[in-house]
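Shown next, in structure tokens, is the structure this report addresses.
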Amino acid sequence: MDLKVDVLEDNSVQRYKIVGEIDAFTAPKLRERLALAEKTKEMQAELDLSQVHYMDSTGLGVFVGFYKAVKANGGHVKIVGVNTRLKRLFDITGLGEVMDIVMEESGDRDATV
Numbered sequence: 092m093d094l095k096v097d098v099l100e101d102n103s104v105q106r107y108k109i110v111g112e113i114d115a116f117t118a119p120k121l122r123e124r125l126a127l128a129e130k131t132k133e134m135q136a137e138l139d140l141s142q143v144h145y146m147d148s149t150g151l152g153v154f155v156g157f158y159k160a161v162k163a164n165g166g167h168v169k170i171v172g173v174n175t176r177l178k179r180l181f182d183i184t185g186l187g188e189v190m191d192i193v194m195e196e197s198g199d200r201d202a203t204v
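For what it's worth, this note's numbering labels the leading residue of the sequence shown as 92, then goes sequentially.
Dropping the structure here:
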């Protein structure tokens, strides 16, 4: 499965629409795409995972790295569109307590974790 990352700037917020699976094969592409902006001072980023159907620990590592870089530069990262399975993955790793994560509206869609 391929991974697609679209970026839209909405006012002062960088919105990343991530589509596909995030695993050891696709994570480098995601990391590269996010790295282009992570050093921006006071960046406001929103990562939309509503179209992510699978994510493993490699994906979590990418998000942790991005989160740390943005926070170090005075910015904020919000992760939206998270389904119940992805939320569980963030929670069991303790990241659900640290990161700003918003569940998907319907709450019914599942992904394979």
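Yeah, the Cβ is synthetic: ideal placement off N, Cα and C, and Gly gets one too. Small disclaimer: the values here were computed from a predicted structure and weren't measured.
| Check | Outcome |
| --- | --- |
| Residues of its chain near residue 185, where Cβ-Cβ distance is below 8 Å and the 5 sequence neighbours each way are ignored | none |
| Proximity to residue 123 [Cα-Cα], best of 150, 132, 101 | 150 |
| Candidates 187, 106, 114, 163: closest to residue 94 by CA position | 114 |
| Classification of residue 165 by the beta-carbon crowding that lies within 10 angstroms, buried from 16 upward | exposed |
| Segment limits, alpha helix (DSSP H) that includes residue 148 | 148-163 |
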